[in-house]
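>
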Amino acid sequence: MNPEIQELLVAYRVVRPALFPVLPAAVLTLFGLLALLVDVFELGRTRGPAEGETGTPIMAPYLALIGTALALGCVGWQAARLETAGGPYFSGMVVLDGFGVFLSGVVLAGTLLTLLLTIGYCRRHDIHLAEYYHLILMAAAGMLIMVLAGNLITIFVGLELMSVGVYVLTGFRRTRLRSVEGALKYFVLGAFSTGFFLYGMALVYGAAGTFDLAGIRDAVSVPPASPVLLAGVALLIVGFGFKVALVPFHMWSPDVYQGAPAPVTAFMATGVKTAGFAAFVRVFMSTFDGLADQWIPVLWALAVLTMVVGNVAAIRQDDIKRMLAYSSIAHAGYLLVALIAHSDIGTAAFLYYMAAYTLMTMGAFGIVIVLGEKGTENTSIERDYAGIAWRHPLLAAAMALFMFSLTGIPPTAGFVGKFAILSAAVNSGHVPLAVLLVLTSVISAYYYLKVVVSMYMRASEREPIRSQVPAMAAIALLIAVVGVLGLGIFPGQWVEMARASVVAVTGLP
Amino acid sequence: MAANWIWLVPALPLAGVLVNGLLGRRIGKGGVSVIGPGMVGAAFAVSLWLFLDLAARAPEARTLSQNVYTWISAGDFRASVAFLVDPLSATLMLVVTGVGFLIHVYSVGYMHDEDRRGFARYFTYLNLFTFAMLVLVMADNFLLLFVGWEGVGLCSYLLIGFWFKDRANATAGKKAFIVNRIGDFGFLLGIFLMFGAFGSVAFADVLPSAATVLDAGGPLAFWICLFLFVGAVGKSAQIPLYVWLPDAMAGPTPVSALIHAATMVTAGVYMVARSHALYDMAPAVLAIVAGIGAATALYAATIGLVQTDIKKVLAYSTISQLGYMFLGVGVAAYAAGIFHLVTHAFFKALLFLGAGSVIHALHGEQDMRRMGGLKRALPVTYWTMLAATLAIAGIPPLAGFFSKDEILWRTWDAGHPVLWAIGLATAGLTALYMFRLFFLTFHGSFRGTGEQRQHLHESPPSMTIPLTVLGALSVVGGWIGIPPAIGQTLGGVPNAIESWLAPVFADAHAEGAAHAAGEAHAIPPMEYALMAASIAVALLGILAARYLWLTRPELPVRIGLQFRVAATVLSNKYYVDELYDAIVVRPYNALSHFAWRVIDEGLIDGLVVGGTGAVVRWQSRVSSAWQSGAIPTYVTVFFGGVVAILVYYLFG
Amino acid sequence: MLTEYLPIVFLLFVGLVVGGVIIVLSWRMGPRTRALSIGDSPYECGLVPTGDARSRVDVKFYILAMLFILFDVEIVFLFPWAIMFDALGTLGILVMFEFLVILLVGYAYVWRKGALEWD
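Residue numbers (this note's numbering), protein chains in the order written: chain A, 77 to 585; chain B, 6 to 657; chain C, 14 to 132.
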């Protein structure tokens, strides 16, 4: 055989298994680039209304959908091959474990729902740029990299890939002031927090002499912890805390969530949060495992602040996107409780809650999206949501379901998730935190219910919202409804899956 | 055999929910009025079958269970969707489905003015309510019980706010839900503590081992029981969480009947009785239960005395009667508490449905001051209401007499003369205010408008038939629990309900079992004396009511003027709503406003940014450039967090 | 432990004092110049500047500058690759090929969007 070809074959044999963990991210990237290319060469676009004007991208959204579905398939393949998957990959820069694969699935499910909701939204609000889909796929690829990262550098690369995409997406409706304002705030503060994150990485490197998560764990396992290391840990907490919106690093999120286009907000509330938490939990549960006594008190305080401020501030909000922003802050607090539990049960609860949270938040934003009209998103709870139950009974019922799930009322996914977190917290002896969690979720009943009350028990005083639910959005909402109910009524196998996925995380290669 | 079909009981109403909810508009009012009541009726039939199957067995073997599937399984923690049918839950199932069925039938007539969509929605909620309550009473573990518990709370919220167009109704629905959530919070904590102590939440694991795991009177038993009781207080509308129930009158009247009689509010009593093995380990909590029960009974009765809205009177009477039930379980007379629950379900459902019939006849009039003399126009309603009123007043041999007297006697017997005296006083008040309602409504002369008088009509059969059935039950319902003191003289009639429930409560109350079996042992003469006392008090109440509101109707007004302060306090329900508003609601709103406006925007913005002129100028420059001065604020807060964490690590 | 930092504190102190003294001295002792004198102009001699220094610049300059930096930095990655070319072998070629393809997509995008045209 031709020696060059033989050499290529050898290379292929080296590359193929190495690519296995990043296959979903690679698929996303490929389709993201394709979507950009076909559009920029004006393929797969409708003809513009007038000469010289651009039409609507047709092919790009479908490419994005197909890519995400394929990536989801790849994650399924990874899950099936998890037992035999070797490692290390990319010299340990990437790890393939149950934890990562589970969360990859969550991220991609969120992305898929975002795309399904986005397509109708873009049409309704005259967003005719294929870059939109490209950016979503690239950000999702960044999330996947974060989720599977085995090295601080990899986390950082994923974080930036994700963040830059989301910054741009936030400001995508650039004729609207709030959108641009949100993007600017997010970008400026994001850059600020990235600085802290990098500084934290540098300090940890200074203490441990490596960026490798497993290497750091070995290096820092001998007490006492040096001040340099502790400062590094502190700054990493700040960096992660910003991305997942923990109080007091949350200030950006209400403005940004309110300003961003609704599907992007949904994407941020689910995907960005999942990826941020994934890296957060991985680093703290495995790498800084030995330092648990050092970080638990700090996270404890942050969790208390986050749950209280998030829930209390949400009460007064009338803009539903803003209310959901505060609500997602509060949920970050609940998720943090699962991390503080610092046990396998806690991590399993985290995984389960992440899946449940993604579904119900996506669902809630999905309703917000389909209720928007051309030119306005109709986000006032008092005005726009009043009496919706009579005009759109199914949408209202679905929204009520998501609200009940977010409150944590059985038999929904939110209840089982909250229950799992609570039992993990109680199991680890964090009873006060559990009590606070229950108390703050009683508070949350108030503002989630406000939406239901408005929908069912107020008469509408504005001209009725004329909104056709696009078929794609209907599919997305159906998935969310089935998911929220399914995870709530038959949580058995999902809890099992979450528990099985945890096994690998504490035993990094 | 029968155990394999247990799931049918909750599944049938659930099927009703799906059919009415999804196809309700298509099948029309006719279809809905067949499916809605029909499914509950079928559930009643299955319950009856299960009951008979149970009754045919030996007393020790009277438990059926069915595991539908494992709901949550996480490590040691397991919770199943599994149903348990034992004498206690079978009793409750019969009450829920039986009385529920009658209320469903009645609703067909009562709601006939609703449009097609509202009609379907109404029966969807009603079926959902029945389903949730069945899950509650049939659950075989505390977590599933909690699901039903939340479910009835949710449905009550939907139903109370059914006529949402009136803003007050929506508010009432929300109030019910939020107050219930406070109770649920306690209940959930109780479950967690229990799981911590027992490693399980299944009745079969927790209850039998309660005596070995918990120290009698120890702190763990105390807190578990207290937290569970907080849940019961919320759901069963006891002091201090009763405020939602009177407001809940905003819903359609049959809903009030369902909430008050067959479902929802009795859940707390059921739960305490169900977990009696735990409560026996915590005598202090039992004393609290009895105390709160007695206090609520008296307190609500005094308020009921001056209300003018017919449904409000009944609402306070429910609270008062629930107080009796808690008094019963609080003195460890669990069977007596459940007995009163059953009889109360009969006559309270009847009272509400009768009141609904009156309101229906008067086209929505609820003020008793504009009623009167309806005896002629509404004969069926009149006679059935009379039965129910006599029953609740405690006149033998109607249902209420036996169950109320059982509780009073057991209270005395357990050595609580003060609680007994409160109970007795309440009995007198009950007779007084219930006959006030009765006389004002049916006797005297009609005080409404002429137009109302012309349209007076008896209700359709779909409404009067349930009234009649419930009337019969209110008369004879108490005969299942004839105490030995009377039973022996009648020739050895046993106390059926107590011996039926004995296997459930046997371990708690061995003496009660013997008592229940109707064995010939010496009846203390005291029992007869107390019985006579309560009959006398009830008669006195009726006579007083007759004198005050029939013979000398001007007298109550004069009394009211004489004791203006007391009257005002009573008719404003002791100002508790205002008190809660002042000490809970307003501070709560203020706090959230504070957190949002002051801390989030004001304090930080004002203090940090608005401090000096230079900063203001800098801020305004930033503002003009970026349309917002908020980023510096955000960065400041962010940086504050960073500094706090770093200080903690490096100097803490 | 903090004594090691004493020199820095000392330096800070000296810096502040010397700086402050010089400012105060020049303010007290220097001649009072009138406003709008030649000393206030940017260069104190030569052409008198017209307009504000902070004027707007056409956004095209920024785009061009950003694109330049972008592609410039990417090309920098080629140098270490070229040096290690032999050691990296075929795998290296494949990886660099993939890298360049992505770069090319970016280039195509920029080109088609018209970012390279001045008008």
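Glycine residues also receive a C-beta, built at the ideal position from the N, C-alpha and C atoms.
Strictly below 7 Å CB to CB, what residues from chain F border V492(A)?
Considering every chain present, this structure includes no chain F. Its protein chains are A, B and C.
> For R83(B), which residues does DSSP report across the bridge?
In the second sequence, residue 83(B) corresponds to position 78, counting from 1. Paired residues: S78(B).
> What's the gap between the Cα of S517(A) and the Cα of L289(A)?
In the first sequence, the residue the question calls residue 517(A) occupies position 441. In the first sequence, the residue the question calls residue 289(A) occupies position 213. Whole-angstrom Cα-Cα distance: 35 Å.
> Is D372(B) helix, strand or coil by DSSP?
On the second sequence, residue 372(B) is found 367 positions in, with the first residue counted as 1. Residue state, collapsed to three classes: strand.
> Please go through the region 384–422 of chain B and give each complete alpha helix (DSSP H) segment of 4 or more residues, from N-terminal end onward.
384–398 and 404–418
> Hey, is V613(B)'s beta-carbon within less than 8 Å of any beta-carbon in chain A?
For this step, residue 613(B) is matched to residue 608 along the second sequence. Legend: pLDDT at V613(B) = 41, less than 50; position of this residue unreliable, value from coordinates given subsequently. Not closer than 8 Å to any Cβ of chain A, the Cβ of V613(B) fails to qualify, so no.
> Output the distance between the C-alpha atoms of V334(B) and V294(B), rounded to the nearest integer angstrom.
Counting from 1 along the second sequence, the entry for residue 334(B) is found at position 329. Counting from 1 along the second sequence, the entry for residue 294(B) is found at position 289. Their backbone Cα atoms lie some 8 Å apart in a straight line.
> Does DSSP put E606(B) in a helix, in a strand, or in coil?
Here residue 606(B) is taken as the residue at index 601 of the second sequence, counted from 1. For E606(B), the pLDDT reaches just 47, beneath the cut-off of 50, and the residue's location in the model is therefore unreliable, although a value from the coordinates is still provided. Helix at E606(B).
> Can D395(A) and Q334(A) be called in contact, C-beta distance under 8 Å?
For the purposes of this step, residue 395(A) is identified with residue 319 of the first sequence, where counting begins at 1. For the purposes of this step, residue 334(A) is identified with residue 258 of the first sequence, where counting begins at 1. Contact: yes.
> In the DSSP assignment, find the unbroken alpha helix (DSSP H) run with R742(B) in it and report its ends.
What the structure shows of chain B is the stretch from 6 to 657, and residue 742(B) is not part of that stretch, so it cannot be assessed.
> Residues of chain A with CB closer than 8 Å to the CB of V647(B), please, in chain order.
Mapped onto the second sequence, residue 647(B) falls at position 642. Neighbours of V647(B) on chain A, chain order: F272, A310, L311 and V314.
> Pull up the distance between the alpha-carbon of A63(A) and that of T132(A), whole angstroms please.
What is shown of chain A runs 77 to 585, which leaves residue 63(A) out entirely.
> Pick helix, strand or coil for R551(B), following the three-state DSSP scheme.
Taking the second sequence and counting its residues from 1, the one referred to as residue 551(B) is at position 546. Three-state result, R551(B): helix.
> Taking 8 Å as the threshold (C-beta atoms), are A366(B) and S464(B) in contact?
Translated into positions along the second sequence, residue 464(B) becomes position 459. Translated into positions along the second sequence, residue 366(B) becomes position 361. For S464(B) and A366(B), yes; Cβs fall inside 8 Å.
> Can you tell me the Cβ-Cβ gap for A543(B) and A436(B), rounded? I've got them flagged as a contact below 8 Å.
Position 538 of the second sequence, counted from the first residue, corresponds to residue 543(B). Position 431 of the second sequence, counted from the first residue, corresponds to residue 436(B). Right, the Cβ-Cβ distance comes to about 4 Å (below 8 Å), so this counts as a contact.
> Does any residue of chain C have a CB that is nearer than 8 Å to the CB of A87(A)?
Here residue 87(A) is taken as the residue at index 11 of the first sequence, counted from 1. Answer yes: the Cβ-Cβ gap between A87(A) and chain C drops below 8 Å somewhere.
> Against chain A, with Cβ distances strictly below 8 Å, would Y122(C) count as a contact?
The count along the third sequence starts at 1 and reaches residue 122(C) at position 109. Yes - at least one Cβ of chain A is within 8 Å of the one on Y122(C).
> So who's on the other strand from F88(B), going by DSSP bridges?
Counting from 1 along the second sequence, the entry for residue 88(B) is found at position 83. Note: F88(B) is bridge-paired with Q71(B) and A144(B) in the DSSP secondary-structure output.
> I'd like to know whether the C-beta atoms of A283(A) and F316(A) end up nearer to each other than 8 Å.
One-based indexing of the first sequence puts residue 283(A) at position 207. One-based indexing of the first sequence puts residue 316(A) at position 240. Not closer than 8 Å, so no.
> A278(A): which of L260(A), C198(A) and V309(A) sits nearest, CA to CA?
Taking the first sequence and counting its residues from 1, the one referred to as residue 278(A) is at position 202. With distances taken between Cα atoms, A278(A) lies closest to V309(A).
> Which residue marks the beginning of the alpha helix (DSSP H) containing N503(A), and which one marks its end?
Here residue 503(A) corresponds to residue number 427 of the first sequence, with the count starting at 1. Where N503(A) is concerned, the enclosing alpha helix (DSSP H) stretches over A489 to N503.
> Short check: CB of G442(A) to CB of T187(A), under 8 Å?
Counting from one through the first sequence, the residue named residue 442(A) turns up at place 366. Counting from one through the first sequence, the residue named residue 187(A) turns up at place 111. The answer is no: Cβ separation not under 8 Å.
> CA-CA distance, A552(A) and F88(B)?
If you number the first sequence from 1, residue 552(A) lands on position 476. If you number the second sequence from 1, residue 88(B) lands on position 83. The straight-line gap from Cα to Cα measures roughly 35 Å.
> Just the Cα atoms here: how many angstroms apart are A226(B) and A292(B)?
Stepping through the second sequence from its first residue, residue 226(B) is reached at position 221. Stepping through the second sequence from its first residue, residue 292(B) is reached at position 287. Rounded to the nearest angstrom, the two C-alpha atoms are 14 Å apart.
> Out of curiosity, what's the CA-to-CA distance linking V607(A) and T437(A)?
With chain A represented from 77 up to 585, any question about residue 607(A) goes unanswered, as that position is not in the structure.
> Between the region 521–541 of chain A and chain B, which residues of the former have a C-beta closer than 8 Å to a C-beta of the latter?
A521, Y522, L525, V529, Y532, M533, R534 and A535
> Over the uninterrupted alpha helix (DSSP H) stretch that includes I203(A), give me the two end residues.
Your numbering for residue 203(A) matches position 127 in the first sequence. Where I203(A) is concerned, there is no enclosing alpha helix (DSSP H), given that its DSSP letter is neither H nor E.
> Here's a check: name, in chain order, each residue in its chain whose Cβ is nearer than 8 Å to the Cβ of V37(B), leaving out the five neighbours to either side.
Within the second sequence, residue 37(B) is the residue found at index 32, counting from 1. N25, G29, F124, A125 and F128, listed in sequence order.
> With V270(B) as the anchor, note down where its alpha helix (DSSP H) starts and where it stops.
If you number the second sequence from 1, residue 270(B) lands on position 265. Here V270(B) belongs to no alpha helix (DSSP H), and DSSP marks it neither H nor E.
> For F117(A), decide whether its Cβ has a neighbour in chain C, counting only Cβ atoms nearer than 8 Å.
As a first step, residue 117(A) is located in the first sequence; it is residue number 41 there, counting from the start. By this cut-off, F117(A) is an interface position.
> What are the start and end residues of the alpha helix (DSSP H) that includes V320(A)?
Residue 320(A) sits at position 244 when you count from the first residue of the first sequence. Unbroken run through V320(A): none, as it is neither H nor E.
> Given this structure, state the Cα-to-Cα distance separating A377(A) from V223(A), to the nearest angstrom.
Within the first sequence, numbered from 1, the residue matching residue 377(A) stands at position 301. Within the first sequence, numbered from 1, the residue matching residue 223(A) stands at position 147. Pairing A377(A) with V223(A), the inter-Cα distance amounts to about 25 Å.
> Need the endpoints of the alpha helix (DSSP H) that M79(C) sits in, please.
Mapped onto the third sequence, residue 79(C) falls at position 66. V72 to V89 is the extent of the alpha helix (DSSP H) around M79(C).
> Hey, quick one: how far does the alpha helix (DSSP H) through S362(A) stretch, first residue to last?
Counted from its first residue, the first sequence places residue 362(A) at position 286. Secondary structure note for S362(A): it is in no alpha helix (DSSP H), with a DSSP letter that is neither H nor E.
> Check the Cβ of W328(A) against every Cβ in chain B and list those closer than 7 Å, keeping chain order.
In the first sequence, the residue the question calls residue 328(A) occupies position 252. What W328(A) touches in chain B: Y639.
> Whole angstroms are fine: how far does the CA of F344(B) sit from the CA of M479(A)?
Position 403 of the first sequence holds residue 479(A). Position 339 of the second sequence holds residue 344(B). A direct Cα-to-Cα measurement between M479(A) and F344(B) gives close to 39 Å.
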